[in-house]
Amino acid sequence: MAAEALTTEGGLAPGGPFLERYRGRLQALRLAPEAGQCPGGESGRRTELHLLFDQLLSENSGPGAQAPAELRPQDLCDLFVQACKLVQLNQEHLVNKVCQLIHQLLNRFQVIVDEESLKYLLPYFISALEQCSTWTHVEILQALAASVYKNGPKCQKYFPALLGKGGLLIELSSPAQTDAEVKRAAVHSMANLCLSIPGQPYLEEPYRELCFQTFLNVLQSSKAVGVDDITFCMLLQNALKGIQSLLNWGKMKLKQPDQLGSLLAVLKKCMFYGLPGLNIEMPPILYPAVLSQYDSRSPGKQDQSELNSIKVNGSRRKKPKGKQKGELAEDENNTEEGRTRESSCHGGKQQNPGLDVSNLCPSFAKDHLPVCTLGWKRISSSDSEYSDAEGGMQSKTRSFQAKVRQGALTCFLSTVKSIEKKVLFGYWSAFIPDVPGIGSPQSVSLMTIALKDPSPKTRACALQVLSAILEGSKQFLCIAEDAGDHKRAFTPFSVTLATSIRELHRCLLLALVAESSSQTLTQIIKCLANLVLNVPYSRLKPGLLTKVWSQIKPYIRHKDVNVRVSSLTLLGAIVSAQAPLPEVRLLLQQPGSPGFDDGAPITPGGPECHSNAPGQLPLAAESGPAEPCWLLCLCMSLVIILPKEEGGLDSDGTCQSTTGFCEPSPVRLESLQVLVLLVKGYFSVAQNSLLELGKVAYKCMEEADPAIQLHGAKLLDELGVGIIQQYKPDLVDAPDQRVPVDLVVTFWTRMLNGPLPAALQNSQHPTLQTSTCNALSSILPEAFSGLPDDKQILCITVLLGLNHSENPLVKAAAARALGVYVVFPCLRQDVMFVADTANAILDSLGDSSPNVRAKAAWSLGNLTDTLIINMELMGPSFQDDFSDLLLLKMLWSATVASKDKDKVKSNAVRALGNLLHFLQPSHITNPRFIQPIEDSIQALVSTVRSEATMKVRWNACYALGNVFKNAALPLGEAPWSAQAYSALISAVQTCKNFKVRIKSATALAIPSERKRYGTPEQFSQIWSALVVALRRSEESEDFLEFKYSASLRTQLCHTLLHLLSLAEEADLPPLRTSVAEHGETIGSYLLQYMKSGGEDEELGMSQAFLERDRTLRRALEHIQALEEGGAERCPMKKGMVAYLQDILKTHHSSTELVEA
4 MAAEALTTEG GLAPGGPFLE RYRGRLQALR LAPEAGQCPG GESGRRTELH LLFDQLLSEN
64 SGPGAQAPAE LRPQDLCDLF VQACKLVQLN QEHLVNKVCQ LIHQLLNRFQ VIVDEESLKY
124 LLPYFISALE QCSTWTHVEI LQALAASVYK NGPKCQKYFP ALLGKGGLLI ELSSPAQTDA
184 EVKRAAVHSM ANLCLSIPGQ PYLEEPYREL CFQTFLNVLQ SSKAVGVDDI TFCMLLQNAL
244 KGIQSLLNWG KMKLKQPDQL GSLLAVLKKC MFYGLPGLNI EMPPILYPAV LSQYDSRSPG
304 KQDQSELNSI KVNGSRRKKP KGKQKGELAE DENNTEEGRT RESSCHGGKQ QNPGLDVSNL
364 CPSFAKDHLP VCTLGWKRIS SSDSEYSDAE GGMQSKTRSF QAKVRQGALT CFLSTVKSIE
424 KKVLFGYWSA FIPDVPGIGS PQSVSLMTIA LKDPSPKTRA CALQVLSAIL EGSKQFLCIA
484 EDAGDHKRAF TPFSVTLATS IRELHRCLLL ALVAESSSQT LTQIIKCLAN LVLNVPYSRL
544 KPGLLTKVWS QIKPYIRHKD VNVRVSSLTL LGAIVSAQAP LPEVRLLLQQ PGSPGFDDGA
604 PITPGGPECH SNAPGQLPLA AESGPAEPCW LLCLCMSLVI ILPKEEGGLD SDGTCQSTTG
664 FCEPSPVRLE SLQVLVLLVK GYFSVAQNSL LELGKVAYKC MEEADPAIQL HGAKLLDELG
724 VGIIQQYKPD LVDAPDQRVP VDLVVTFWTR MLNGPLPAAL QNSQHPTLQT STCNALSSIL
784 PEAFSGLPDD KQILCITVLL GLNHSENPLV KAAAARALGV YVVFPCLRQD VMFVADTANA
844 ILDSLGDSSP NVRAKAAWSL GNLTDTLIIN MELMGPSFQD DFSDLLLLKM LWSATVASKD
904 KDKVKSNAVR ALGNLLHFLQ PSHITNPRFI QPIEDSIQAL VSTVRSEATM KVRWNACYAL
964 GNVFKNAALP LGEAPWSAQA YSALISAVQT CKNFKVRIKS ATALAIPSER KRYGTPEQFS
1024 QIWSALVVAL RRSEESEDFL EFKYSASLRT QLCHTLLHLL SLAEEADLPP LRTSVAEHGE
1084 TIGSYLLQYM KSGGEDEELG MSQAFLERDR TLRRALEHIQ ALEEGGAERC PMKKGMVAYL
1144 QDILKTHHSS TELVEA
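Each residue of the sequence shown is one higher than the last, beginning at 4 in this note's numbering.
Right, dumping it as structure tokens:
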């Protein structure tokens, strides 16, 4: 036969002798004379084909078959095409054999059929299904399935014949099909056609709907009589894969409630398929519901079967005797690894096999999930009842049933990802455990699988789905509450949800202590972390986090790195969840566990698991010398080795570390993240170890690993931010609770003497440069002034240099840091530094990166704030020293930036308002400034009138208010005055956001002279607009705005009284008209305004109360003087005085009554 091998160009063909030998024989048969003229005739040709196909099948079947070294997919596809061309459809045995060959070789060698070969093979298969006998259909469909795998988008031409109404696959997989093998193969082919390929055309809508309904019908069907279990399992698996492919394709949207409900019902049924001890019945459709509705298990029978499924003494189950060579030895079926519960969480040390789980967490002793929840043991009679063959078949069946459950869970995961969270939460009770009523069994849920399934892989799948449901569930879970005692006649949904959350904690912790598979254990801990991040613990009775905290400690020293990393992730979630929580603060302040560091298990009744009264926080450590936080010490010891003499971290056993031992990089990185979260949420706990934490950051930044360096810089940044937060003037922390300034100076001096400057200048790692820039901007201003001069100069010089970096991330961070430094008291009065910073910021403001421009605009706003502060503190001297050319450049750049994106615009308009406030008369009269001033004011007016975001319009109104403060600007006379007032009038009346209305009303109250309001007509328009805004102050499309309505009315009343105190005689007629029309409304709001100043003070004598009283009296006296000084005397002109006097009299009367 070697002589028959074909070669190319004198050498061996790319397919090697394996393919070329058979291709040569097929080619010879094709080129042979007519069958009737050949020896043996047609029967001889058939015999030759049979022998050829048999030889091909035998050589490529069995465990010893190997793929050719130089196998090319195209050569294999050519072989198939040639074979099909030689086999006529009336030769059914050959058709069956060639299809078997195609199916076997494609699966064996994992080859994807090319498009040219599909053009011949698919019509061949379709014709074969139409013309050949039914006994050949299984092999034909299997060949079809293997050929279209990952080729669905290339088969669109054949969709009508296969997937259309009346299509072959639709008919062969319909409920009318009685042959289970044919249906299984048809569904398999359909599922492969639905397989999504990124970047390829999607399956069209009609075909998607037909396929989805077909898969759904298969899943809803029951096993027919005579169908073996394995075939039915494979049928279910294929249907589940098909639905998963449709959902993963991205175009299949389950918008109709019945469609989604039907899918969830069958998925829940399949999730428990073949699970020992469970046989649930589901309705055809699941509907959104607050409480669990469906659980048709028989409580008595179910509980009895569950109790029989485990051995209470916790001893190991003997290995089955009937382990056969042909048995599928898959991990998920090995019950000794699936839950003999060896303590792999303690580095291989075995726990007491008779450990009572209820002692670990007292709440586990409840009857909601009794010992039956630990029913991970395989439910069967004695192994001796089965022969070896029976045992092997049973094991194989269990394996396929486990695959069905895994397929259902994987499909459910795709479903969770494809529907909106708000829709998914309607089905919460169907899949999340809740506390059953008295005498009722525990409802089946995802936690039932996590606790009872013998397959570790299936348990991990269930936990993965649960994590996906919990992820992003904060908005749903935030309504849960059980902090108070519930004594109502009905149970509010908030309490029901809180109960479900507690049950979920209990079940996950039970699964944690019962699990031995490292992969599943990792999923449990990740699921707990997702739960912790989304639960509103501040609204629940304390104690939940204490149980999680206590149970997770041993797993930090687990032998599996992934378990250790996920354990640290969970601890990070605890310290970041709604921080700071009193419960977590007490946990952090408790001393470390004795012997915890060496991996010893927590003993029942130990210090972590002591029982507290319901609803009480764990007892704090007894008063004594303050010990370092054990979590802080643990993470520092995991990150880096700190000897006693360096770090002083040897307060207890948890702070020891083995000399010369270095944890794997993932553990170190996760430990650094926990440190960052701990410092961010509980800085008061971490501040006693400030220098030690600084040493950790110091050593991390000295390492070669960029990831470690980056996390070290982030830790440094959070330490700086924590210190700055302590020194904020609005905080009530006592000065003695802050980190002393001299200690902060020492901290930063060490960092600047260490690796920080090198990291700042490491252009090879721009991300590290960005993080170190952020860290440098978190220096406490009081500490910066205490740094040595050379260190101050170093910081400034490096930042000014990095502002010219080519990397946008570095440039943005440097621009932001300069914006922080420019407000430092020790730097802001330095004209040269301010000028250098201004030039650097203006350079960044013209950058092509939107992020750089946004940071530069923020810094420009800070710089202009500094100009105003210096103008108020130093007077004209600073204004004279500041360069006119630079000021003009800043004005022009800010005007251009005000037309940029909203993130840039919001700070650009803030800078414009400050700059226009800063201008001196010499600038305003300077011809070079006239046009830029006009352009900048027009930019502010346009921004106020625009439909930009609330923040942008609020800043624009604030900026116009700053413009009005500059007495040198010709407000009231210049043409732009009317436009500015018109923009503010429009905002105060019509803006949907009440904060913008408040700020526009504030700006209208700033001018201190009547002439700055312009003509009487302009003055009247402002008054009328304020009255309209007052009447509309209780009207809003968004109910969230109502909380600002009182503040809005207060500001509107203040502005109205301010206008009255400045009004001239010519302004009074329109004011009288307005009062005559709306006097009652205005009066009622003015009375509320007068009262609100003294609501929270004794006898109503607060400062605001007195100030408002003086404001009203000042307006009254001013109007009274105007009317008495007028030429004409008539009663109508005294209406305003009488009106204000009535308001004042009513106010004083009500005040006297309150005081009495």
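Don't be surprised by glycine CBs; every beta carbon is placed ideally from N, CA and C.
{"Item": "Limits of the unbroken alpha helix (DSSP H) element including Asp78", "Value": "76–89"}
{"Item": "Buried versus exposed, by CB contacts within 10 Å (16 or more), Asp437", "Value": "buried"}
{"Item": "Whole-number beta carbon distance between Leu845 and Ala820, since they are thought to touch under 8 Å", "Value": "That pair is no contact at about 16 Å."}
{"Item": "Straight-line Cα distance separating Ser949 from Ala959", "Value": "10 Å"}
{"Item": "Reduced DSSP category for Ala971 - H, G, I as helix; E, B as strand; rest coil", "Value": "coil"}
{"Item": "Of the residues Thr523, Lys1014, Gln1021, Ser1087, the one placed nearest Ser985, counting alpha carbons only", "Value": "Gln1021"}
{"Item": "Per-residue burial, Arg567 [other beta carbons within 10 Å of its own, 16 or more giving buried]", "Value": "buried"}
{"Item": "Three-state secondary structure assigned by DSSP to Gln1021", "Value": "helix"}
{"Item": "Endpoints, alpha helix (DSSP H) assigned at Met285", "Value": "Per DSSP, Met285 belongs to no alpha helix (DSSP H) and is neither H nor E."}
{"Item": "Every unbroken alpha helix (DSSP H) inside the region 404–431 [4 residues or more]", "Value": "424–427"}
{"Item": "Simplified DSSP assignment, three categories, for Thr840", "Value": "helix"}
{"Item": "The region 726–742 contacting the region 788–804, beta-carbon criterion three pairs below 8 Å", "Value": "no"}
{"Item": "Contact the region 996–1009 vs the region 959–968: 3+ CB pairs below 8 Å", "Value": "yes"}
{"Item": "Spatial distance of Gly475 from Glu423 (CA atoms)", "Value": "11 Å"}
{"Item": "Buried versus exposed, by CB contacts within 10 Å (16 or more), Arg931", "Value": "exposed"}
{"Item": "Length at least 4, wholly inside the region 721–785: the alpha helix (DSSP H) runs in chain order", "Value": "744–756, 759–763, 769–779"}
{"Item": "Helix, strand or coil at Asn810 [DSSP, three-state]", "Value": "coil"}
{"Item": "Span separating the alpha-carbon of Trp1026 from that of Leu1059", "Value": "7 Å"}
{"Item": "Distance, Leu513 Cα to Ser402 Cα", "Value": "25 Å"}
{"Item": "Coarse secondary structure for Asn865, derived from DSSP in three states", "Value": "helix"}
{"Item": "Sequence-distant residues of the same chain with beta carbon closer than 7 Å to Leu771, five excluded per side", "Value": "Pro709, Gln712, Leu713, Ala716, Ala762, Asn765"}
{"Item": "Nearest-angstrom Cα separation, counted from Gly864 out to Ala471", "Value": "42 Å"}
{"Item": "Selection from Ser925, Gln397, Tyr1088, Leu922 that minimises the alpha carbon distance to Arg1035", "Value": "Tyr1088"}
{"Item": "Coarse secondary structure for His561, derived from DSSP in three states", "Value": "coil"}
{"Item": "Proximity of Phe967 and Ala1006 at Cβ, strictly below 9 Å", "Value": "yes"}
{"Item": "Exposed unless 16 or more other CB atoms sit within 10 angstroms - verdict on Gln795", "Value": "buried"}
{"Item": "Simplified DSSP assignment, three categories, for Ile435", "Value": "coil"}
{"Item": "Length-filtered (4 minimum) alpha helix (DSSP H) runs lying within the region 92–180", "Value": "95–112, 118–134, 140–151, 162–166, 171–175"}
{"Item": "6 Å Cβ shell around Leu1143 - same chain, five flanking residues per side excluded", "Value": "Leu1119"}
{"Item": "Where the alpha helix (DSSP H) containing Ile927 begins and where it ends", "Value": "924–928"}
{"Item": "Inter-residue spacing [alpha-carbon to alpha-carbon] between Pro879 and Gln923", "Value": "8 Å"}
{"Item": "Nonlocal neighbours in the same chain, by C-beta distance under 8 Å from Asn854, ignoring five residues either side", "Value": "Pro811, Leu812, Ala815"}
{"Item": "Span separating the alpha-carbon of Val551 from that of Met274", "Value": "27 Å"}
{"Item": "Presumed contact (8 Å Cβ cut-off) between Leu534 and Tyr540, rounded CB distance", "Value": "The Cβ separation is near 11 Å, so there is no contact."}
{"Item": "Check whether Gln941 and Gln992 have beta carbons under 9 Å apart", "Value": "no"}
{"Item": "Ala194 beta carbon less than 9 Å from that of Lys160", "Value": "no"}
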